[in-house]
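Peer 1: Going by my numbering, the residue at position 63 of the first sequence is 71; the numbering climbs one at a time, nothing skipped. Backbone N, C-alpha and C fix where the C-beta goes; we use that ideal spot for every residue, glycine too. For clarity, every value in this text was computed on a predicted model and none was experimentally measured. Before I ask anything, here is the structure I am working with.
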Amino acid sequence: MIKITLPDGSVREYAEGTSSMDIARSISEGLARNVLAAKVNSEIWDASRPITSDATLQLLTWNDDGGKYAFWHSSAHLMAEALESLYPGIKFGIGPPVETGFYYDVDLADRSLSPDELPAIEAKMLELARQKNDFRRRNVSKAEAIAFFSEKGDEYKVELLQDLADGDITFYQQGQFTDLCKGPHIPNTEKIKAVKLTNIAGAYWRGDETRKQLTRIYGVTFPQQKELTEYLALLEEARKRDHRKIGAELELFAFSERVGAGLPLWLPKGTIVRNRLQQFLRQEQAKRGYQEVMTPHIGKKELYVTSGHYEKYGTDSFQPIHTPREGEEFLLKPMNCPHHCEIYGHKPHSYRDLPLRIAEFGTVYRYEQSGELHGLSRVRGFTQDDAHIFCTPDQVRDEFLDVLDLTKLVLARVGFEKFTAQISLRDLSKPEKYIGNPENWEKAEQAIIDAVAAAGLEAEQVPGEAAFYGPKLDFMIRDAIGRSWQLGTIQVDYNLPERFQLEYIGADNQPHRPVMIHRAPFGSMERFISILIEHTAGKLPLWLVPEQFALLPIGEGHIAYCKEVLAQLEAAGLSGYIDDRNETIGRKIRDTELKKVPFMLIAGDKEMEESKVAVRKQGQGDQGALDVAAFISMMNAEIEKN
RNA sequence: GCCGAUGUAGCUCAGAGGUAGAGCACUUCCAUGGUAAGGAAGGGGUCAAGGGUUCAAAUCCCUUCAUUGGCUCCA
Numbered sequence: 009m010i011k012i013t014l015p016d017g018s019v020r021e022y023a024e025g026t027s028s029m030d031i032a033r034s035i036s037e038g039l040a041r042n043v044l045a046a047k048v049n050s051e052i053w054d055a056s057r058p059i060t061s062d063a064t065l066q067l068l069t070w071n072d073d074g075g076k077y078a079f080w081h082s083s084a085h086l087m088a089e090a091l092e093s094l095y096p097g098i099k100f101g102i103g104p105p106v107e108t109g110f111y112y113d114v115d116l117a118d119r120s121l122s123p124d125e126l127p128a129i130e131a132k133m134l135e136l137a138r139q140k141n142d143f144r145r146r147n148v149s150k151a152e153a154i155a156f157f158s159e160k161g162d163e164y165k166v167e168l169l170q171d172l173a174d175g176d177i178t179f180y181q182q183g184q185f186t187d188l189c190k191g192p193h194i195p196n197t198e199k200i201k202a203v204k205l206t207n208i209a210g211a212y213w214r215g216d217e218t219r220k221q222l223t224r225i226y227g228v229t230f231p232q233q234k235e236l237t238e239y240l241a242l243l244e245e246a247r248k249r250d251h252r253k254i255g256a257e258l259e260l261f262a263f264s265e266r267v268g269a270g271l272p273l274w275l276p277k278g279t280i281v282r283n284r285l286q287q288f289l290r291q292e293q294a295k296r297g298y299q300e301v302m303t304p305h306i307g308k309k310e311l312y313v314t315s316g317h318y319e320k321y322g323t324d325s326f327q328p329i330h331t332p333r334e335g336e337e338f339l340l341k342p343m344n345c346p347h348h349c350e351i352y353g354h355k356p357h358s359y360r361d362l363p364l365r366i367a368e369f370g371t372v373y374r375y376e377q378s379g380e381l382h383g384l385s386r387v388r389g390f391t392q393d394d395a396h397i398f399c400t401p402d403q404v405r406d407e408f409l410d411v412l413d414l415t416k417l418v419l420a421r422v423g424f425e426k427f428t429a430q431i432s433l434r435d436l437s438k439p440e441k442y443i444g445n446p447e448n449w450e451k452a453e454q455a456i457i458d459a460v461a462a463a464g465l466e467a468e469q470v471p472g473e474a475a476f477y478g479p480k481l482d483f484m485i486r487d488a489i490g491r492s493w494q495l496g497t498i499q500v501d502y503n504l505p506e507r508f509q510l511e512y513i514g515a516d517n518q519p520h521r522p523v524m525i526h527r528a529p530f531g532s533m534e535r536f537i538s539i540l541i542e543h544t545a546g547k548l549p550l551w552l553v554p555e556q557f558a559l560l561p562i563g564e565g566h567i568a569y570c571k572e573v574l575a576q577l578e579a580a581g582l583s584g585y586i587d588d589r590n591e592t593i594g595r596k597i598r599d600t601e602l603k604k605v606p607f608m609l610i611a612g613d614k615e616m617e618e619s620k621v622a623v624r625k626q627g628q629g630d631q632g633a634l635d636v637a638a639f640i641s642m643m644n645a646e647i648e649k650n
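This is how it looks when you write it as structure tokens:
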């Protein structure tokens with residue numbers, strides 16, 4: 009007998025070789041029906057795999073990530089089976105689950121796959137799923153595995169096998185399809201009830217662009233049709249919220265082929281939004297002792313050689329600007345830090361000057377690869393809400409905590425209540441990716457970890473995500489439809505102060521090296537606004553929206569009255585406009601609704617006589633008449649509430 | 001940068017070798033209106049750019065640019 013410890017702490021005894029599925033069945037049939045996989049001790053196993061010694065057991069269903077992964081991983085195999093049946097001779101790369109769904113990389117030889125063919129593959133998958141085939145695991149020797157795939161002609165699998173140790177190799181088979189796979193898988197194909205193949209893309213074999221490009225087919229599956237329907241509705245909602253579409257409709261920003269790819273043009277309304285965000289942050293920074301500076305958009309090449317950026321990015325970025333003077337070269341600034349280091353260095357500093365907090369809405373230019381550009385979220389010219397704090401090693405913790413506090417305030421103010429943090433550390437196996445000495449890295453990483461702990465913030469540590477000059481704390485926000493985005497960042501840097509030989513004179517009258525904290529709560533104005541648009545579906549918070557109200561005169565005779573009201577509202581600091589077009593009131597309302605202007609103020613004879621406006625709220629209809637002063641205080645209260 | 005797709009009026013799109021179309025938007029006129037589209041007339045296009053094939057190219061071919069789904073990348 010073996011002892012199985014369940015998540016509630018209870019211990020049950022079962023015969024040796026009992027499977028998780030058997031255990032589930034002993035608890036209830038309903039549970040057994042929902043079990044997709046099981047966490048045995050700390051590993052995720054097939055639910056059908058026999059357990060041979062005492063273990064802790066957690067049964068995994070669709071509601072567990074591990075359950076979903078097994079489900080999607082199995083779906084990848086099911087898709088492979090369908091592909092093999094429809095396109096005999098096709099070769100397989102890898103087919104893992106991903107965050108939402110799965111993919112399989114396949115080599116179709118000479119043929120190409122068009123999106124029109126996906127429905128036939130989906131249908132085949134469902135047909136195969138209904139055969140109710142078990143996923144069967146078996147151990148094979150390396151020689152046997154290589155022989156199997158050599159004979160089949162799957163050279164990619166053979167290549168994968170070269171790197172695997174004999175004894176660790178398992179095959180999974182369902183129906184007619186056998187794959188090299190360590191699992192785990194769901195018990196049977198019948199659980200897969202709804203299938204959608206979402207996308208076809210190219211992907212290099214093993215992510216290496218010198219290797220052959222395979223066709224990657226993405227899909228997602230569900231245990232119930234209803235869940236697929238909901239998923240498709242979510243995709244549709246995301247499409248409707250696309251900031252590229254809303255940004256054009258609301259006339260916030262535009263692009264021009266002639267100006268160049270990835271170089272956004274901020275239109276008047278977008279500029280208002282951006283300026284309001286900046287004004288808000290400026291005020292908060294002023295309260296916290298930041299000093300604003302301005303630096304040029306270019307700098308001599310040597311500046312970036314000193315900082316290390318030239319060596320790291322020089323050839324892949326905008327190339328140097330030449331001048332009439334022989335040998336003189338300038339670079340568009342890809343970041344503000346080197347300029348700020350020079351500001352620090354322009355005069356000697358005492359420890360009494362520190363911390364020195366230098367802030368700039370600094371526009372930078374980076375030659376992002378053409379395939380990377382995306383609306384406002386990935387561009388080649390953008391403005392960071394950048395600041396650099398130069399401080400003594402003793403001050404790092406308090407400064408870091410203050411920045412954390414500021415970041416939380418900023419996120420809350422614009423309505424991002426849900427966020428998580430990620431501590432981005434270096435990849436110890438790839439030291440060539442980073443500059444600076446290991447002791448400084450150790451100090452910087454520890455400083456972040458300590459400050460995060462002191463703030464009581466939960467943060468996941470992710471190796472390999474650090475910047476080349478230092479570790480980061482990155483903020484990830486969750487938007488209104490559940491998507492995650494990386495926003496602001498805080499970095500502790502011991503390296504640039506060294507490269508720029510920055511110093512301060514300590515209380516001991518000796519020179520010391522300051523520590524530099526880089527931070528940007530918004531990240532970049534462009535990316536931040538793109539996320540804000542998608543989060544709010546274009547209905548920006550009242551304090552940010554460029555047009556807070558529209559005055560809609562019913563007839564020509566009411567325009568003069570509207571002008572009086574407009575003057576009063578503008579005097580009260582509100583912004584809006586009069587729709588004096590020669591149109592019916594119904595038409596004006598419709599157009600204003602579509603422009604997502606939060607308040608419509610309708611004025612006709614009745615309102616004019618009573619010195620009122622009829623208030624209509626976007627999306628919510630008629631709110632009744634108010635006099636102008638009452639409307640102003642209501643608006644101020646709404647703005648204040650935020 | 002790589003693989004695939006796309007580019008026709010301000011917007012959404014039709015047209016697939018024989019000289020450019022619709023709806024909305026815009027302009028003008030009529031209608032002076034009460035909570036999501038009043039009516040009529042009109043203007044608007046080197047069919048992304050360049051080259052080629054052809055008697056003839058928006059349409060077929062090539063190159064470039066841009067957009068886009070992925071991959072890789074993100075100081």
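1) Enumerate in chain order the residues of its own chain whose CB-to-CB distance from S378 is below 7 Å, with the five nearest sequence positions on each side excluded.
2) Taking only three categories from DSSP, how would you classify W70?
3) Would you mind stating whether L68 and G74 have Cβ atoms separated by less than 8 Å?
4) Report the option in A488, G490, G496 whose CA atom is closest to the CA atom of K480.
5) Report the partner residues of P561 according to the DSSP bridge assignment.
6) Sort R388, V573, G612, D588 by Cα distance to F639 and report the nearest one.
7) What residue does the alpha helix (DSSP H) around H251 start on, and which one ends it?
8) Go ahead and pull the three-state DSSP assignment for V636.
9) Exposed or buried, what is K11 when buried is set at 16 or more other beta-carbons lying within 10 Å of its beta-carbon?
10) What number of angstroms, rounded off, separates the C-alpha of I498 from the C-alpha of S538?
11) Which two residues bound the contiguous alpha helix (DSSP H) that contains Y164?
12) Where E257 and A88 are concerned, what is the direct C-alpha to C-alpha distance, given to the nearest angstrom?
13) At the level of alpha carbons, what is the spacing between I567 and E591?
14) For the beta strand (DSSP E) holding S432, just list the boundary residues, first then last.
15) In the DSSP assignment, what residue or residues form a beta bridge with I208?
16) Taking the straight line between their C-alpha atoms, what separation do you get for V228 and L271?
17) Kindly indicate which residue of D30, Q139, K220 has the alpha-carbon position closest to the one of F100.
18) Spatial neighbours of D588 within its chain, please: C-beta separation below 6 Å, excluding the five flanking residues on both sides.
19) Tell me whether R421 sits in a helix, a strand or coil according to DSSP, three-state version.
20) Mapping the DSSP letters down to three states, classify V6 as helix, strand or coil.
21) Rounded to the nearest angstrom, what separates D324 and Y375 at their Cα positions?
22) Within its chain, find whatever has a CB closer than 6 Å to the CB of K547; leave out the 5 residues flanking it on each side and keep chain order.
23) Thinking G307 and K341 are a contact (beta carbons under 8 Å), I'd like their distance in whole angstroms, please.
24) Report the residue ranges of all beta strand (DSSP E) runs contained in full by the region 569-607; include only those spanning at least 3 residues, in chain order.
25) Apply the 10 Å Cβ neighbour rule to L94 and answer buried if 16 or more other Cβ atoms are within range, or exposed otherwise.
26) So M533 and T391 are in contact, right, with Cβ under 8 Å, and what is the actual spacing, rounded?
27) Just how far apart, CA to CA, sit C345 and P522?
28) According to DSSP, simplified to helix, strand and coil, what is A88?
29) Under DSSP, the alpha helix (DSSP H) around I280 begins and ends at which residues?
30) Taking the straight line between their C-alpha atoms, what separation do you get for E24 and I59?
31) I need the DSSP call for N146, collapsed to helix, strand or coil.
32) Using alpha carbons as the reference points, say which of R595, I647, S492, D393 lies closest to R107.
33) Can you look up E368 in the DSSP assignment and give me helix, strand or coil?
34) Along the chain, where does the alpha helix (DSSP H) that runs through F536 open and close?
35) Is it buried or exposed, E319, if we count other Cβ atoms within 10 angstroms and call 16 or more buried?
36) Applying the criterion that 16 or more other CB atoms from any shown protein chain within 10 Å of the CB defines a buried residue, is R138 buried or exposed?
Peer 2: On the basis of the coordinates in this document:
1) A269
2) coil
3) yes
4) G496
5) A611
6) V573
7) 251-257
8) helix
9) exposed
10) 21 Å
11) 163-170
12) 42 Å
13) 13 Å
14) 427-433
15) I225
16) 35 Å
17) K220
18) I567
19) helix
20) The shown model of the chain, from 9 to 650, leaves out residue 6, and the question about it has no answer.
21) 7 Å
22) K604
23) 6 Å
24) 584-586
25) exposed
26) 5 Å
27) 14 Å
28) helix
29) 276-295
30) 7 Å
31) The amino acid at residue 146 is misidentified as Asn; the sequence shows Arg. In this structure, R146 counts as strand in the three-state DSSP scheme.
32) Correcting the residue identity first, residue 107 is Glu in this sequence and not Arg. Nearest option by C-alpha distance: S492.
33) strand
34) 533-544
35) exposed
36) exposed
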